[in-house]
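Heads up, the sequence shown is in full-length UniProt numbering, so the first residue is 1 and it goes up one at a time. Just so it is clear, CB atoms sit at the ideal spot from N, CA and C, and this is done for glycine as well. All values reported here derive from a predicted model rather than from experimental measurement.
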Amino acid sequence: MSLPNNVEKLFDGKFKPLLKRLNSFFRHKKGKGSSQLKEVWISLGAVLVVVGIIGLVVLATVNKVAPEETPVVIEQLAPEVALVLRHPLTGKVLETELDTLPQVFGTMVENSADAWPLSGLDEAFFVIEAPVEANIPRFIVFSSVEDDIAKIGPVRSARPYYLDWNDALDAVYGHVGGSFEALDLIKFTYNTIDLNQFFHGNSYYRQLTNGRYAPHNVFTSTKMLKDALPGLNLDAPKYEFWKFKDDTGATGNKSVKVDFADGATYDVVWNFDQSGNTYVRDQGSRKMVLENGNQIEANNVAVIATDIKIFDAEGRKHMVTVGSGDAMLLQDGEVKLVRWVKETRTGRLYFTDTNNEEIRMNPGKTWIEVVSSVSQARVID
């Protein structure tokens with residue numbers, strides 16, 4: 001091991017001359033006087049002092065990191081967080097992990113006043129509402145093989161933009177016919193899992209009682225949809241799912257009103273219920289009550305804005321579903337201005353904050369209202 005530079009200089013400057021003097025003395029010590037001997041002892045003492053200093057310098061420097069070296073800093077790891085298993089569709093906590101993703105069904109349900117009261121919407125884990133012709137809203141209602149919903153409907157026809165939301169969940173798409181554009185996309189372009197009532201009549205039924213009439217009287221159920229699966233010969237579903245958080249209770253008390261069209265018939269109010277940390281849906285200036293007497297409740301509600309254009313004389317619409325745009329997210333009684341993001345046609349729609357971080361959803365049911373501008377949504381304190 002070489003000595004540090006400052007030690008070598010001290011050795012060469014002080015220690016070497018003294019050693020030379022001692023060596024000379026002992027070679028010629030005969031006949032020397034006491035004065036020379038005294039000088040030698042002084043020199044010897046000086047040598048010992050220098051040796052001591054050298055020792056101290058070596059001890060002080062030998063374990064130091066060279067200035068040009070950067071010490072490695074090891075960060076202390078955070079305490080291990082327990083893994084929480086959540087359902088991929090609802091975010092509810094699971095005791096054991098699922099073997100496969102549940103097969104999803106996306107069913108077109110109309111919201112025309114002639115079709116009221118509706119069925120099955122209160123039990124769906126996810127619903128998207130968007131305008132069709134004449135700005136009358138229509139739903140795509142998502143359920144899964146795990147659900148047991150006795151009645152869903154009235155079921156109506158397909159439109160192109162609903163296919164993009166359906167296919168993001170690799171869902172079986174239930175509908176009664178559709179626009180020419182939607183049917184062509186299903187047949188020739190997309191890999192949509194099609195369950196058109198025209199060709200799968202056993203998966204639907206027509207109700208001829210209680211004042212029901214065509215085209216507002218076609219219904220289905222999750223049992224009928226599940227019974228259709230063997231004939232579809234499907235692979236295991238593949239889809240992305242949201243990040244979820246714990247439901248920690250209400251932190252606000254805000255509700256939202258959404259204007260869908262001129263007049264109040266289809267206007268929606270999501271009233272916040274602090275006691276359950278949920279949003280209860282009103283429609284047309286009154287409580288929205290389904291055929292089974294239930295109201296609709298949601299744990300998350302979003303209003304997303306996108307480009308909507310009429311493209312034919314019937315008032316059919318084209319709608320941008322891929323990309324990003326302004327959105328309003330209702331959670332825990334709070335209203336957040338966020339961004340909706342859908343990176344590909346078959347990718348999952350999700351929400352980001354001002355830092356472009358994905359927002360975690362509350363476990364449970366989620367509703368999305370699609371409009372042309374967030375100005376159609378108004379916060380109610």
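K254 and E297 - do their beta-carbons sit closer together than 8 Å? Taking 8 Å as the Cβ cut-off, E297 and K254 do not qualify as a contacting pair.
What do you get for N292, buried or exposed, if any count of 16 or more other CB atoms within 10 angstroms of its CB means buried? Around the Cβ of N292, a 10 Å sphere holds fewer than 16 other Cβ atoms; the residue is exposed.
Spatial neighbours of V49 in its chain, beta-carbon cut-off 8 Å, leaving aside the 5 residues before and after: The pLDDT assigned to V49 is 48, lower than 50, so where the model puts this residue is not dependable, and the model offers no usable value.
Just to check my reading of the structure: A302 and N135 have Cβ atoms closer than 8 Å, yes? What is that Cβ distance to the nearest angstrom? Between A302 and N135 the beta-carbon gap is near 19 Å, outside 8 Å, which marks them as no contact.
For R286, which of L337, A305, T265 has the nearest alpha-carbon? Of the listed residues, the one whose Cα sits closest to R286 is T265.
Buried/exposed call for L118, threshold 16 Cβ in 10 Å: It is buried - the Cβ of L118 has at least 16 other Cβ atoms within 10 Å.
Which same chain residues, not among the five before or five after E97, have their C-beta less than 8 Å away from its C-beta? Excluding the 5 residues flanking it on each side, E97 has same chain C-beta neighbours closer than 8 Å at L85, in chain order.
Is the stretch 229–245 touching the stretch 164–179 in the sense that three or more CB pairs, one from each, lie closer than 8 Å? The stretch 164–179 makes contact with the stretch 229–245: 3 or more CB pairs, one atom from each, lie closer than 8 Å.
I'd like the list of long-range same chain contacts for I186, defined as Cβ closer than 6 Å, with 5 residues on each side in sequence excluded. Excluding positions up to five away in sequence, the list reads T192, D194.
With DSSP collapsed to three states, give me the class of A158. DSSP places A158 in strand when its eight states are reduced to three.
Over what stretch of residues does the alpha helix (DSSP H) that includes M224 continue unbroken? DSSP places M224 inside the alpha helix (DSSP H), whose first and last residues are 222–227.
Around the Cβ of T222, are there at least 16 other Cβ atoms within 10 angstroms (buried) or fewer (exposed)? Flag for T222 reads buried.
Which residues DSSP lists as bridging D194, in chain order: According to the DSSP secondary-structure assignment, D194 is paired through a beta bridge with Y173.
State buried or exposed for D114, treating a residue as buried only when at least 16 other CB atoms are found within 10 Å of its CB. When all chains shown are included, D114 counts as exposed.
Taking 8 Å as the cut-off, decide whether the C-beta atoms of D282 and N294 are in contact. Cβ atoms of D282 and N294: not closer than 8 Å.
C-beta atoms of V218 and E369 nearer than 8 Å: Against a cut-off of 8 Å, the Cβ pair of E369 and V218 comes out as no contact.
Delimiting residues of the beta strand (DSSP E) encompassing A305: Under the DSSP assignment, A305 falls in the beta strand (DSSP E) whose first and last residues are 300–305.
Indicate whether the contact test is met: 3 or more Cβ pairs, each with one atom in the stretch 203–211 and one in the stretch 326–340, closer than 8 Å. The answer is no - the stretch 326–340 does not touch the stretch 203–211, with fewer than three Cβ pairs under 8 Å.
What is the DSSP secondary structure of G33, reduced to helix, strand or coil? Low confidence applies here, because G33 scores a pLDDT of 44, under 50, leaving its location unreliable; read the following figure in that light. When DSSP states are grouped into helix, strand and coil, G33 belongs to the coil group.
Between T352 and the rest of its own chain, which residues show a CB-CB distance below 7 Å, the 5 nearest in sequence each way excluded? Cβ within range, chain order: V338, R339, V341, E358, I359.
Hey, out of G325, A158, S373, whose CA is closest to T354's CA? When only C-alpha atoms are compared, the closest one is G325.
Is it buried or exposed, A124, if we count other Cβ atoms within 10 angstroms and call 16 or more buried? Looking at its Cβ environment, which holds 16 or more other Cβ atoms inside 10 Å, A124 is buried.
Within 10 Å of its beta-carbon, does N23 have 16 or more other beta-carbons around it, so buried, or fewer, so exposed? Caution applies to N23, whose pLDDT of 49 falls short of 50 and renders its modelled position unreliable; the value that the coordinates give is listed next. When all chains shown are included, N23 counts as exposed.
Contact check, Q197 vs V145, beta carbons under 8 Å: Not in contact: Q197 and V145 (Cβ atoms no closer than 8 Å).
Sort out for me which residues DSSP pairs L330 with in a bridge. Per DSSP, V301, V335.
Report the residue from E110, T90, N233, F244 whose alpha carbon sits nearest the alpha carbon of R159. Measuring from the Cα of R159, the nearest candidate turns out to be E110.
Taking 8 Å as the threshold (C-beta atoms), are V320 and T344 in contact? Taking C-beta atoms as the reference points, T344 and V320 fail to come closer than 8 Å.
To which residues does DSSP link R86 through a beta bridge? DSSP, once it has assigned bridges, lists V93 as partnering R86.
Could you pull the DSSP bridge partners for T354 from this structure? Paired residues: none, contrary to the question.
Please determine, among V280, S375, P154, L290, the residue with the shortest C-alpha to C-alpha distance to residue 396. As displayed, the chain neither begins before 1 nor continues past 381, which places residue 396 out of reach and without an answer.
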